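Peer 1:
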């Protein structure tokens, strides 16, 4: 009797665990974090040299904002490239193709809030609310992670909550905008990536028990 | 313990139950992932897979992921039915006792 109950429990847990995308590599997080930190440093240098208070003068804003947007796109490109690279490498090691049912579900649930956030920020840039983009990207990214956490390692849930919290701090304490952004996309990713790397990737067995 | 006779012999071991449950919720699963999920050795897993395959409950095919060969398994219609029956029997048994 007990043995059968145990078996049923085991079946349930296996079904749940195996229908998630568990090949996210910790190295993806670390590399994305490094890209973000470099980006934040560049933005800081720009804003600092030009003086962040000058942002309120329209002519200056017109000069800096396009540069920063371009820079943000470059950073995003590199972060995505390395992120995808390490995860693809890990799935290959597991003898799987990356493009499977679980990875599709994961991407879909990640992309919906993320795309919404992307367009939202473009809209704010268009209307001139430049500084609001920092908290907004953090909040939308956090929500995207929370929504994707059902389809992958659950640890991402906590990363998402932390990103949302940082975003809200950045929103109300506008002075710490860039710092919060650097912590959220840079430091948190590196911390999270390292934890994941040592928790899952480094083990002999690649999949969490 | 007469009801136990309704249990499917092919699913007697925990390992086989595990293999079937993973395959039920995934289209295809590679040998390596099965091994990790179930924490089994190569030989042990291969034996159980062969038994299930001989019962016609699962099929496999060889694929290439990049340049590396990989064996991926999936459940057959027969396997699905048999496993569902087995689960129902299990449930009955637990409720009944």
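Residue numbers (my numbering), protein chains in the order written: chain W, 7 to 215; chain E, 338 to 434. Don't be surprised by glycine CBs; every beta carbon is placed ideally from N, CA and C. From a predicted model like this one, the values you see are computed outputs, not experimental measurements.
#1: Can you tell me which of the three DSSP states residue 48 of chain W falls into?
#2: Taking residue 115 of chain W as the query, report the chain E residues whose CB atoms sit under 8 Å from its CB, ordered along the chain.
#3: On the DSSP bridge assignment, give the partners of residue 153 of chain W in chain order.
#4: When the Cα of residue 108 of chain W is compared with those of W/52, W/150, W/24, W/204, which residue comes out closest?
#5: Which class does residue 435 of chain E belong to by DSSP, given the choice of helix, strand or coil?
#6: What span of residues does the alpha helix (DSSP H) with residue 132 of chain W cover, start to end?
#7: What first and last residue would you give for the beta strand (DSSP E) that runs through residue 395 of chain E?
#8: For chain W, is any of its Cβ atoms less than 8 Å away from the one on residue 359 of chain E?
#9: Taking 8 Å as the cut-off, decide whether the C-beta atoms of residue 351 of chain E and residue 13 of chain W are in contact.
#10: Does the beta carbon of residue 101 of chain W sit closer than 8 Å to a beta carbon anywhere in chain E?
#11: Going by other Cβ atoms of all chains shown within 10 Å of its Cβ, with 16 needed for buried, is residue 144 of chain W buried or exposed?
#12: Considering residue 408 of chain E, what are the terminal residues of the beta strand (DSSP E) in which it resides?
#13: Chain W beta carbons: is any one of them nearer than 8 Å to that of residue 362 of chain E?
#14: Could you run through the stretch 402 to 432 of chain E and flag, in chain order, every residue whose CB is less than 9 Å away from some CB of chain W?
#15: I'd like to check one pair, residue 174 of chain W with residue 189 of chain W: are the Cβ atoms closer than 8 Å?
#16: Between residue 20 of chain W and residue 158 of chain W, how many whole angstroms is the CB-CB distance? I'm expecting something under 8 Å.
#17: Report the rounded CA-to-CA distance for residue 156 of chain W versus residue 358 of chain E, giving the unit in angstroms.
#18: Check whether the Cβ of residue 107 of chain W lies closer than 8 Å to any Cβ atom in chain E.
#19: When you compare only the Cα positions, how much space is there between residue 387 of chain E and residue 420 of chain E?
#20: Label residue 8 of chain W either buried or exposed according to how many other C-beta atoms from any shown protein chain fall within 10 Å of its C-beta, with 16 as the threshold for buried.
#21: Pairs of beta-carbons, one from the stretch 27 to 41 of chain W and one from the stretch 84 to 103 of chain W, closer than 8 Å: are there three or more?
#22: Start and end of the alpha helix (DSSP H) containing residue 201 of chain W?
#23: Measure the CB-CB distance between residue 78 of chain W and residue 45 of chain W and report whether it falls below 8 Å.
#24: Would you check if the stretch 82 to 91 of chain W and the stretch 111 to 121 of chain W touch, i.e. whether three or more CB-CB distances between them fall below 8 Å?
#25: Alpha carbon to alpha carbon, how far is residue 154 of chain W from residue 202 of chain W? Give it in angstroms, no decimals.
#26: So what's residue 366 of chain E in DSSP terms, helix, strand or just coil?
Peer 2: Let me lay it out:
#1: Residue 48 of chain W falls in the helix class under three-state DSSP.
#2: Correct list: empty, because the minimum Cβ distance to chain E is about 17 Å.
#3: DSSP lists no partner for residue 153 of chain W.
#4: Of the candidates W/52, W/150, W/24, W/204, the residue whose Cα lies closest to the Cα of residue 108 of chain W is W/24.
#5: Residue 435 of chain E falls outside the range modelled here, since chain E spans only 338 to 434, and no answer is possible.
#6: Residues 107 to 132.
#7: Going by DSSP, residue 395 of chain E is part of the beta strand (DSSP E) stretching over 395 to 402.
#8: Yes, because at least one Cβ of chain W sits closer than 8 Å to the Cβ of residue 359 of chain E.
#9: Closer than 8 Å, so yes.
#10: With 8 Å as the cut-off, residue 101 of chain W counts as an interface residue toward chain E.
#11: Buried: at least 16 other Cβ atoms inside 10 Å.
#12: Start and end: 405 to 412.
#13: Interface with chain W (8 Å Cβ-Cβ cutoff): residue 362 of chain E is included.
#14: Residues passing the 9 Å Cβ filter: 402, 403, 405, 406, 407, 408, 409, 424, 427, 428, 430, 431.
#15: Taking the C-beta atoms as reference points, residue 174 of chain W is found no nearer than 8 Å to residue 189 of chain W.
#16: Wrong, their Cβ atoms sit about 17 Å apart, outside the cutoff.
#17: So the alpha carbons of these two residues sit roughly 19 Å apart.
#18: Taking 8 Å as the CB threshold, residue 107 of chain W lines the interface with chain E.
#19: When rounded, the distance between both Cα atoms is 16 Å.
#20: Exposed, since its Cβ has fewer than 16 Cβ neighbours within 10 Å.
#21: Between the stretch 27 to 41 of chain W and the stretch 84 to 103 of chain W there are three or more C-beta pairs closer than 8 Å, enough to call the two in contact.
#22: For residue 201 of chain W, the uninterrupted alpha helix (DSSP H) run begins and ends at 194 to 202, by DSSP.
#23: Yes; because the gap between Cβ atoms is below 8 Å, this pair is in contact.
#24: No, the stretch 111 to 121 of chain W is not in contact with the stretch 82 to 91 of chain W.
#25: Within the model, the alpha-carbon separation for residue 202 of chain W versus residue 154 of chain W is close to 16 Å.
#26: Strand.
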